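Report on one structure; see the data block that follows.
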Amino acid sequence: MTVGLFIPCYVDQFYPGAAIATLQLLEKLGVNVVYPANQTCCGQPMANSGFEHLTGGCNELFIKNFAEFDYIVAPSGSCVLHIKHHIHDEKQPEKAASVSHKIYELTSFLTDVLKVTSLPAKFPHKVGMHQSCHGQRGLHLSQMTELVAPYYSKPGSLLNMVEGIELIELNRADECCGFGGTFCVAEEAVSVKMGKDRVADHLKHGAEYITGVDMSCLMHMEGILNRQGSKVKILHIAEILNGGPLNP
Amino acid sequence: MSQNITTHTDKKLPLQGAGGADHAALADIFNKDEDRVNWHDETLWWIRAKRDLSVHKIPEWEALRDTASAIKNNVLSNLNSYLQQFEANAQANGIVIHWAADGAEHNAIVHSLIKKHNVTRMVKSKSMLTEELHLNEYLAENGIDVIDSDLGERIVQLAKEPPSHIVLPCIHKKKEEIGELFHQFLGTPAGNADPQFLTETARHHLRETFLSRKVALTGVNFAIAETGEFVVCTNEGNADMGAHLSDIHIASMGIEKIIPERKHLGVFLRLLTRSATGQPITTYSSHFSKPRDGQEMHIIIVDNGRTVQLGREDFRNSLKCIRCGACMNTCPVYRRSGGHSYHNAISGPIGAILAPNLDMEKYADLPFASTLCGSCSNVCPVKIDIHDQLYKWRQVIVQNGYAPTAKKLSMQAMATTLASPFAYHMAGKAGRLVMKYAPFALNNKLNPWYKQRDMPKPPDESFGEWYKKNRKAP
Numbered sequence: 061m062t063v064g065l066f067i068p069c070y071v072d073q074f075y076p077g078a079a080i081a082t083l084q085l086l087e088k089l090g091v092n093v094v095y096p097a098n099q100t101c102c103g104q105p106m107a108n109s110g111f112e113h114l115t116g117g118c119n120e121l122f123i124k125n126f127a128e129f130d131y132i133v134a135p136s137g138s139c140v141l142h143i144k145h146h147i148h149d150e151k152q153p154e155k156a157a158s159v160s161h162k163i164y165e166l167t168s169f170l171t172d173v174l175k176v177t178s179l180p181a182k183f184p185h186k187v188g189m190h191q192s193c194h195g196q197r198g199l200h201l202s203q204m205t206e207l208v209a210p211y212y213s214k215p216g217s218l219l220n221m222v223e224g225i226e227l228i229e230l231n232r233a234d235e236c237c238g239f240g241g242t243f244c245v246a247e248e249a250v251s252v253k254m255g256k257d258r259v260a261d262h263l264k265h266g267a268e269y270i271t272g273v274d275m276s277c278l279m280h281m282e283g284i285l286n287r288q289g290s291k292v293k294i295l296h297i298a299e300i301l302n303g304g305p306l307n308p
Numbered sequence: 201m202s203q204n205i206t207t208h209t210d211k212k213l214p215l216q217g218a219g220g221a222d223h224a225a226l227a228d229i230f231n232k233d234e235d236r237v238n239w240h241d242e243t244l245w246w247i248r249a250k251r252d253l254s255v256h257k258i259p260e261w262e263a264l265r266d267t268a269s270a271i272k273n274n275v276l277s278n279l280n281s282y283l284q285q286f287e288a289n290a291q292a293n294g295i296v297i298h299w300a301a302d303g304a305e306h307n308a309i310v311h312s313l314i315k316k317h318n319v320t321r322m323v324k325s326k327s328m329l330t331e332e333l334h335l336n337e338y339l340a341e342n343g344i345d346v347i348d349s350d351l352g353e354r355i356v357q358l359a360k361e362p363p364s365h366i367v368l369p370c371i372h373k374k375k376e377e378i379g380e381l382f383h384q385f386l387g388t389p390a391g392n393a394d395p396q397f398l399t400e401t402a403r404h405h406l407r408e409t410f411l412s413r414k415v416a417l418t419g420v421n422f423a424i425a426e427t428g429e430f431v432v433c434t435n436e437g438n439a440d441m442g443a444h445l446s447d448i449h450i451a452s453m454g455i456e457k458i459i460p461e462r463k464h465l466g467v468f469l470r471l472l473t474r475s476a477t478g479q480p481i482t483t484y485s486s487h488f489s490k491p492r493d494g495q496e497m498h499i500i501i502v503d504n505g506r507t508v509q510l511g512r513e514d515f516r517n518s519l520k521c522i523r524c525g526a527c528m529n530t531c532p533v534y535r536r537s538g539g540h541s542y543h544n545a546i547s548g549p550i551g552a553i554l555a556p557n558l559d560m561e562k563y564a565d566l567p568f569a570s571t572l573c574g575s576c577s578n579v580c581p582v583k584i585d586i587h588d589q590l591y592k593w594r595q596v597i598v599q600n601g602y603a604p605t606a607k608k609l610s611m612q613a614m615a616t617t618l619a620s621p622f623a624y625h626m627a628g629k630a631g632r633l634v635m636k637y638a639p640f641a642l643n644n645k646l647n648p649w650y651k652q653r654d655m656p657k658p659p660d661e662s663f664g665e666w667y668k669k670n671r672k673a674p
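Protein sequence lines, in the order shown, are assigned to chains A and B. Sequential numbering from 61 applies to the first sequence in this note's numbering. Sequential numbering from 201 applies to the second sequence in this note's numbering.
The structure is reproduced here in structure tokens:
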């Protein structure tokens with residue numbers, strides 16, 4: 061099995077630690093991982109802003125980079141959801157469809173494909189997990205509080221395999237953090253207020269770290285935490301599952 | 201009391217935003233008072249939590265939603281025949297049916313009915329359709345005095361504001377502000393904000409209204425094709441009070457309010473109030489099937505853009521809406537921006553997919569007032585794909601040329617850069633260097649990210665650069 065590693069643009073540029081942890085974790089679990097060097101972005105920033113018609117270049121490049129792999133894995137629910145729902149290429153529709161079927165968000169790849177039952181990781185801290193909306197409601201990574209349906213959580217089940225970790229409960233289990241792509245700047249006031257409230261829920265319950273499957277939500281919350289001078293850190297879930305931060 | 205109250209000019213403030221301010225700008229103003237935002241958010245979240253408790257008591261909740269959605273699918277596919285069936289049955293019951301293509305026609309019909317009876321006053325029970333059609337303003341201009349009889353509606357009417365929520369029209373007002381309004385208009389003592397006292401005062405004030413109005417207008421929650429009757433749901437019984445005491449009862453309904461058979465009503469009544477407020481059922485679900493002796497009953501069936509929306513394949517589902525307001529209560533953006541920021545009669549996520557159908561240019565901002573978190577679609581009792589429609593509206597709005605030029609240019613530049621690995625790597629490196637060595641270029645007030653958030657700390661190398669050094673290139 062060869063997995064094509066898709067590292068979204070902003071993770072590549074600003075959070076290489078999360079990408080390295082994803083790579084190391086997959087390798088630790090015996091997966092042959094390849095990172096195609098010519099990858100850029102999934103195209104979501106344009107599409108969610110109403111400019112899906114400008115994503116042709118990104119779509120073509122994505123298909124060129126990833127069509128040949130058995131699976132495509134990315135440490136981002138949001139970008140995966142975009143590829144799953146919106147990638148299209150009129151010149152090669154079968155390839156576009158196969159890419160959208162093969163792509164997995166990291167934690168769902170670990171639980172659904174690799175069927176991981178244990179992890180050699182230790183992280184003795186109080187951790188709050190942020191349920192990113194696109195991963196949760198879009199990719200069904202965990203149950204949604206609005207629905208009358210049994211509870212499950214793919215990222216939660218993986219975090220519970222980590223030795224010493226203490227997952228905190230939140231007042232609002234799956235409220236949006238307010239990042240929302242270009243929403244974070246176009247609707248700055250509401251976006252920041254949502255982020256402040258989301259962070260406050262974690263802080264109130266004693267989080268030392270806030271984690272999640274989407275670096276974009278975490279980046280937004282990190283910006284707010286740092287502005288507040290908080291000592292609470294954000295970490296992508298791959299970094300915790302890989303045994304802690306900065307372990308290249 | 202309150203016989204001589206003179207608030208009847210009824211000239212509501214124009215909806216905010218009509219002058220050009222968009223959702224972001226109006227939300228920015230709302231957010232200047234953070235305590236108020238907190239209060240608004242917590243109040244609506246409390247209702248969302250009540251809704252959760254209430255729906256979790258029904259194990260078949262998701263099946264009920266599926267059923268309701270399927271019934272509405274059938275209705276939307278056979279709207280013409282159900283409407284004709286309804287018309288024939290209602291007429292057989294002695295109800296007069298009117299058809300209105302738009303607000304102007306609807307309002308003219310209402311006015312002519314009032315004029316015919318030679319009165320100048322009308323009592324109205326909550327009808328968001330008449331808000332959509334600006335009936336109150338129209339009647340006021342024609343010298344007709346309208347009193348909204350729903351308590352929340354009455355409060356915003358006194359404040360000369362449009363409702364900020366379709367079910368909880370004055371949810372944006374604190375009880376102290378309501379006390380002040382009542383002091384000003386209903387003569388209550390200054391500083392009294394006791395909800396019990398204020399409600400009692402309003403009840404007395406409205407009772408006078410019911411007793412003295414000859415014409416009553418109500419909305420329609422459900423119109424049943426099979427029987428030609430209609431159902432109005434209220435918690436205060438105000439629709440009944442108005443309709444039962446009037447000589448003429450006018451009911452205004454959108455064409456989408458039809459359900460095929462009486463047996464379908466049970467599905468919707470179970471869903472409606474649990475979704476809206478967490479109540480098992482509305483206090484009053486009043487069936488009106490024919491006028492009582494000596495009374496006239498009229499139904500005005502209104503299109504006002506609905507058939508256009510029906511013809512838009514991606515958006516037709518929005519016509520399933522039963523106006524419960526659950527999407528507003530759950531929407532994290534609505535809770536923190538307030539209903540008026542949507543500058544449309546129907547606010548929140550559902551309003552943001554209905555409004556652009558009415559005026560794409562004026563409401564071009566609304567589909568962007570969302571993080572696409574999807575909570576709205578999950579609470580929707582009739583399973584409208586609200587957040588997917590928001591995404592689709594964004595595409596339609598841009599395709600129709602309603603995107604600001606600056607945004608268009610930046611998106612084009614971004615698309616070009618991201619389509620080229622070389623340009624992407626150069627831009628990424630340049631960006632990180634600027635952040636590292638010239639942070640003032642970004643850490644300033646021109647950058648909306650930086651205003652209340654720190655920028656991410658740029659790493660020395662990107663993952664791509666790290667990979668090249670540490671792993672063999674494929």
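Every residue, glycine too, gets a C-beta built ideally from N, C-alpha and C. In this text, all values refer to a predicted model and were calculated from it rather than measured experimentally.
The CB of P621 of chain B comes closer than 8 Å to the CB of A97, N98, Q99, T100, L121 in chain A, given here in chain order. It is roughly 15 Å from the alpha-carbon of K182 of chain A to the alpha-carbon of Q84 of chain A. For M279 of chain A, the neighbours in chain B by C-beta distance under 7 Å run, in chain order, P656. Put simply, the backbone Cα of G241 of chain A is about 34 Å away from that of L329 of chain B. Taking 8 Å as the upper bound on Cβ-Cβ separation, chain A lies near residues Y624, G628, G631, R632 of the segment 622-638 of chain B.
Contact annotation for E561 of chain B against chain A: no contact, minimum CB-CB distance about 14 Å [criterion: below 7 Å]. One alpha carbon belongs to N438 of chain B, the other to K373 of chain B, and they sit about 21 Å apart. Contacts with chain A (Cβ-Cβ distance below 8 Å) from the segment 255-272 of chain B involve V255, H256, I258, P259, W261, E262, listed in chain order.
DSSP, read as helix, strand or coil, puts V93 of chain A in strand. Excluding the 5 residues flanking it on each side, L199 of chain A has same chain C-beta neighbours closer than 6 Å at G137, L141, E165, in chain order. Annotation for H543 of chain B: no beta strand (DSSP E) segment contains it, and DSSP assigns it neither H nor E. Judged by DSSP secondary structure, Y164 of chain A falls outside any alpha helix (DSSP H) and instead within the beta strand (DSSP E) spanning 163-165.
Here the alpha carbon of G352 of chain B sits roughly 7 Å from the alpha carbon of L368 of chain B. Pairing Y602 of chain B with T399 of chain B, the inter-Cα distance amounts to about 45 Å.
With a cutoff of 8 Å on beta-carbon distance, L226 of chain B and N529 of chain B are scored as not near each other. The contact set of L207 of chain A on chain B, defined by CB atoms closer than 7 Å, consists of E262, N578 in chain order. Approximately 7 Å separates the beta-carbon atoms of A451 of chain B and F488 of chain B; this is inside 8 Å, confirming the contact.
Between T571 of chain B and F111 of chain A, the CB-CB gap reaches or exceeds 8 Å. In this structure, DSSP gives R251 of chain B a helical state, which the three-state scheme calls helix. Inter-residue distance for H265 of chain A and I228 of chain A is about 6 Å (C-alpha atoms, whole angstroms). Going by C-alpha positions, R474 of chain B is about 32 Å away from I448 of chain B.
The continuous alpha helix (DSSP H) containing G137 of chain A extends over residues 137-146. For C433 of chain B, same chain residues with a beta-carbon under 6 Å away, outside a window of 5 residues either side, are N421, T482, S485 in chain order. Where H298 of chain B is concerned, the enclosing beta strand (DSSP E) starts and stops at 296-300. For K291 of chain A, the three-state secondary structure derived from DSSP is coil. Shortest Cα-Cα distance from S541 of chain B to any of B:L519, B:D565, B:K250, B:N557 involves B:D565.
Here P659 of chain B is near F74 of chain A, since their CB atoms are less than 8 Å apart. Annotation: Cβ neighbours of L114 of chain A in chain B (cutoff 7 Å, chain order): M611, Q612, A615. Our two residues, I297 of chain B and E377 of chain B, have alpha carbons roughly 41 Å apart in a direct line. Taking the beta carbon of P659 of chain B as reference, the chain A residues within 9 Å of it are Q73, F74, Y75, P76, G77, listed in sequence order.
About 15 Å separates the beta carbons of Y624 of chain B and Y95 of chain A, which is beyond the 8 Å limit, so they are not a contact pair. Runs of the alpha helix (DSSP H) lying entirely within the segment 317-380 of chain B and spanning at least 4 residues, in chain order: 328-332, 335-341, 351-358. Annotation: the continuous alpha helix (DSSP H) that includes G511 of chain B extends over 506-511. For the pair Q196 of chain A and N302 of chain A, the Cα-to-Cα distance works out to about 22 Å. If you draw a straight line from the Cα of A224 of chain B to the Cα of E247 of chain A, it is about 5 Å long.
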